[in-house]
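Participant: Shown below is the structure under consideration.
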Amino acid sequence: MLTKIDHIGIAVRSIDEKIPLYRDVLGLEFLGDELVESQGVRVAFFKLGESMLELLEPTRDDSPIAKYLEKNGEGIHHLAVGTDDITAARDRALSNGLRLLSDAPLDGAHGKLISFVHPKDTGGLLLEFTQRGAPKA
Ligand code: CMX
Numbered sequence: 201m202l203t204k205i206d207h208i209g210i211a212v213r214s215i216d217e218k219i220p221l222y223r224d225v226l227g228l229e230f231l232g233d234e235l236v237e238s239q240g241v242r243v244a245f246f247k248l249g250e251s252m253l254e255l256l257e258p259t260r261d262d263s264p265i266a267k268y269l270e271k272n273g274e275g276i277h278h279l280a281v282g283t284d285d286i287t288a289a290r291d292r293a294l295s296n297g298l299r300l301l302s303d304a305p306l307d308g309a310h311g312k313l314i315s316f317v318h319p320k321d322t323g324g325l326l327l328e329f330t331q332r333g334a335p336k337a
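In terms of my numbering, the sequence shown has 282 at position 82, counting the first letter as 1, and numbering is strictly consecutive.
Given below as structure tokens:
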């Protein structure tokens, strides 16, 4: 049901300042950037084999990334795992007592559906489920 590491999310204060590090120094392919209004973030993706690195920059003060940066500074923020059935992944997490951070999947970057599991229920890891396309019926 979980298919791969889709991306690792990294909180940064400025995407523009970090692009040269990931693109020019590390030599990763820059896949573009976009605003994700539902999360109050601007994101930028870099291809890393079958997976990606996602830089996250807050776009407003109440963004979860603004709070994270204030408390922890820049660094790894979450692990996103791909699934072909986000509803089933959510149901399985819920039925095992894990808290999900939204009542339904939300719209994420690249038109994907996303859902987060509370880090207090996973030993300190903010885990994201991500699925391409519409939820399965
Ligand atoms: N990884 C691990 N632990 C985290 C965490 C993270 N990214 N963010 C917060 N925590 C921990 C904190 O350390 C804190 O632990 P302590 O109580 O031991 O100090 C606890 O969770 C509560 O943290 P908080 O700073 O008080 O923050 P909130 O409870 O207000 O919110 C969370 C935390 C995870 C519920 C919130 O950040 C959230 O809803 N995140 C999901 C949405 C998100 O992160 N969106 C951005 C990414 C969007 C994208 O990829 O497109």
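Positions of the beta carbon are idealized from the N, C-alpha and C atoms, including for glycine.
#1: In angstroms with no decimal places, state the Cα-to-Cα distance between proline 305 and glutamate 229.
#2: Hey, isoleucine 215 and glutamate 254: beta-carbon distance below 8 Å or not?
#3: Please name the residue, chosen from Leu325, Thr287, Arg223 and Arg292, that lies closest to leucine 248 on a Cα-to-Cα basis.
#4: In the DSSP assignment, the beta strand (DSSP E) including glutamate 254 goes from what residue to what residue?
#5: When the distance is taken between beta carbons, is proline 319 closer than 8 Å to threonine 287?
#6: Going by DSSP, what residue range makes up the alpha helix (DSSP H) through aspartate 284?
#7: Taking 7 Å as the cut-off, does the CB of histidine 277 come closer than this to any heavy atom belonging to the ligand CMX?
#8: Within the present structure, is the beta-carbon of valine 243 separated from the nearest heavy atom of the ligand CMX by less than 7 Å?
#9: By DSSP's criteria, glycine 275 is part of a beta bridge. Which residues make up the other side?
#10: What residues in its chain sit with their C-beta under 6 Å from that of glutamate 328, if we drop five residues either side in the sequence?
#11: Glycine 297: buried (16+ other C-beta within 10 angstroms of its C-beta) or exposed?
#12: Grouping DSSP H, G and I as helix and E and B as strand, with all else coil, what is arginine 299?
#13: Return the first residue and the last residue of the beta strand (DSSP E) that glutamate 229 is part of.
Facilitator: The relevant details are as follows:
#1: Position 105 of the sequence shown holds residue 305. Position 29 of the sequence shown holds residue 229. Going from the Cα of proline 305 to the Cα of glutamate 229 covers about 28 Å.
#2: In the sequence shown, residue 215 corresponds to position 15, counting from 1. In the sequence shown, residue 254 corresponds to position 54, counting from 1. Contact flag unset, no.
#3: Taking the sequence shown and counting its residues from 1, the one referred to as residue 248 is at position 48. Nearest C-alpha to leucine 248: Arg223.
#4: Residue numbering aside, residue 254 sits at position 54 when the sequence shown is read from its first letter. Here the beta strand (DSSP E) through glutamate 254 covers 251 to 258.
#5: Against the sequence shown, residue 287 aligns to sequence position 87. Against the sequence shown, residue 319 aligns to sequence position 119. Cβ distance not < 8 Å, so threonine 287 and proline 319 don't count as in contact.
#6: Counting from one through the sequence shown, the residue named residue 284 turns up at place 84. Careful: aspartate 284 lies outside any alpha helix (DSSP H) and carries neither H nor E.
#7: Here residue 277 is taken as the residue at index 77 of the sequence shown, counted from 1. It does: the Cβ of histidine 277 is within 7 Å (strictly closer) of some heavy atom of the ligand CMX.
#8: On the sequence shown, residue 243 is found 43 positions in, with the first residue counted as 1. Yes, Cβ of valine 243 sits closer than 7 Å to a heavy atom of the ligand CMX.
#9: For the purposes of this step, residue 275 is taken as the residue at position 75 of the sequence shown. Looking at the DSSP assignment, glycine 275 forms a beta bridge with Ala211.
#10: By one-based count along the sequence shown, residue 328 stands at place 128. The residues are His278, Ala280, Ile314 and Phe316.
#11: Here residue 297 refers to the residue found at position 97 when the sequence shown is read from its first residue. Glycine 297 comes out exposed.
#12: Taking the sequence shown and counting its residues from 1, one reaches residue 299 at position 99. Arginine 299 falls in the coil class under three-state DSSP.
#13: Mapped onto the sequence shown, residue 229 falls at position 29. From DSSP, the beta strand (DSSP E) with glutamate 229 extends over 229 to 236.
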